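In my numbering, the protein residues as written are 560 to 815.
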Ligand code: ADP
Ligand code: MG
């Protein structure tokens with residue numbers, strides 16, 4: 560459904576060329592939840608920027624349902640680490656915004672927004688402004704305002720990075736619930752192996768810069784998963800230990 564083939568990206572600045580990613584190939588099935596892990600600076604955000612159409616690759620291409628991505632499209636949603644809600648708009652007004660732009664009528668857009676707001680446990684906060692909400696609440700709002708226009712694929716770049724450990728677990732659980740309900744395809748970047756295993760159907764491990772696909776593993780855990788308990792299972796531990804050694808090698812080997 561989503562195909563990345565031969566993707567490389569070089570950044571040229573005044574006096575040097577940085578190859579951020581090189582020869583990245585992988586495919587993602589419809590409705591799949593794929594997580595990507597890799598050391599800091601290995602090109603994770605660069606790959607997502609390319610997948611979102613925000614940035615052209617130096618080489619290679621990205622396709623969604625056989626169609627090449629050339630520029631930003633509503634088929635692909637992007638959830639960044641910073642929620643970037645509009646501070647002058649309430650929660651409801653932020654969430655409906657993409658539908659407003661798309662010309663969806665007020666009644667319809669409010670109905671869809673209220674349903675999603677309820678699903679992520681924010682009912683009652685529709686009239687709150689971003690500064691009146693916690694970091695976790697703002698990130699929930701960021702996720703539903705992307706889901707509301709029903710993109711085929713949602714790209715997420717360390718969306719829970721700035722949150723405390725418990726809030727992260729709550730949001731991970733919530734994200735799995737939303738994913739299972741909507742059937743959307745998700746590509747989720749994290750540097751946290753725990754999170755990558757807990758959420759993903761498959762994990763793509765990237766090498767240190769230039770980022771390449773070092774290995775791809777299937778997560779041997781049944782769904783639905785208990786995010787709060789699954790680290791106790793043997794399947795989780797074995798995969799964690801294997802990937803940790805690999806990740807450690809990549810992290811130690813890098814020049815950052
Ligand atoms: P990650 O998200 O894995 O931490 P990034 O994709 O942000 O890594 O960056 C990968 C490499 O590409 C880094 O060395 C970074 O300095 C470089 N880089 C990223 N974006 C740019 C840019 N716009 N211009 C120049 N170099 C960049
Ligand atoms: Mg990044």
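Here a beta-carbon is modelled for each residue, glycine too, at the ideal position from N, C-alpha and C. Computed from a predicted model, the values in this text were never measured in an experiment.
Query raised in the report: Helix, strand or coil for residue 812 per DSSP?
Result: helix
Query raised in the report: Taking the runs of the alpha helix (DSSP H) that are 4 residues or longer, which of them lie wholly in the stretch 610–692?
Result: 650–660, 665–678
Requested in this report: Confirm the yes/no value for this check: CB of residue 568, any heavy atom of the ligand MG, distance under 7 Å.
Outcome: no
Query raised in the report: Does the beta carbon of residue 767 fall short of 7 Å from some heavy atom of the ligand ADP?
Result: no
**Report entry** 8 Å Cβ cutoff met for residue 768 and residue 730
**Finding:** no
Query raised in the report: Where does residue 815 land, buried or exposed, given buried means 16+ other C-beta within 10 angstroms?
Result: A caution first: residue 815 carries a pLDDT of 49, below 50, which makes its placement in the model too unreliable to give a value.
Query raised in the report: Counting Cβ pairs, one atom from each stretch, are 3 or more of them under 8 Å apart for the stretch 715–733 and the stretch 647–658?
Result: no
Requested in this report: Name the residue from 743, 775, 716 whose alpha carbon lies nearest to the alpha carbon of residue 750.
Outcome: 716
Report task. Report the option in 601, 624, 632, 598 whose CA atom is closest to the CA atom of residue 614. Result -> Looking at the Cα atoms, 632 is the closest of the given residues.
**Report entry** Straight-line gap, residue 671 to residue 709 (C-alpha atoms, nearest Å)
**Finding:** 11 Å
Requested in this report: List the whole-angstrom C-beta distance separating residue 775 from residue 746, where the pair is believed to meet the contact cut-off of C-beta under 8 Å.
Outcome: About 13 Å separates the two Cβ atoms, so there is no contact after all.
**Report entry** Proximity test, residue 579 beta-carbon vs the ligand ADP heavy atom, cut-off 7 Å
**Finding:** yes
Query raised in the report: Quick one: does the C-beta of residue 604 sit closer than 7 Å to a heavy atom of the ligand MG?
Result: yes
Report task. Taking residue 752 as the reference, give the member of 598, 588, 705 with the closest Cα. Result -> 598
Query raised in the report: Given 8 Å as the limit, is there contact between the stretch 755–774 and the stretch 798–815, that is, 3 or more CB pairs closer than that?
Result: yes
Query raised in the report: What does DSSP give as the partner residues of residue 770 in its beta bridges?
Result: 580
Query raised in the report: From 662, 643, 664, pick the residue whose C-alpha is nearest to that of residue 692; which is it?
Result: 643
Report task. Can you check DSSP and say which residues form a bridge with residue 586? Result -> 562
Query - Inside the stretch 715–787 only - alpha helix (DSSP H) runs reaching at least 4 residues - result: 724–741, 752–758
Query raised in the report: Taking C-beta to C-beta, are residue 563 and residue 592 nearer than 8 Å?
Result: no
Query raised in the report: Which stretch, first to last residue, makes up the alpha helix (DSSP H) that contains residue 706?
Result: 694–706
Requested in this report: In angstroms with no decimal places, state the Cα-to-Cα distance between residue 789 and residue 756.
Outcome: 10 Å
Requested in this report: With DSSP collapsed to three states, give me the class of residue 604.
Outcome: Here residue 604 sits in helix by DSSP.
Report task. Give the straight-line distance between the Cα atoms of residue 702 and residue 574, rounded to the nearest whole angstrom. Result -> 39 Å
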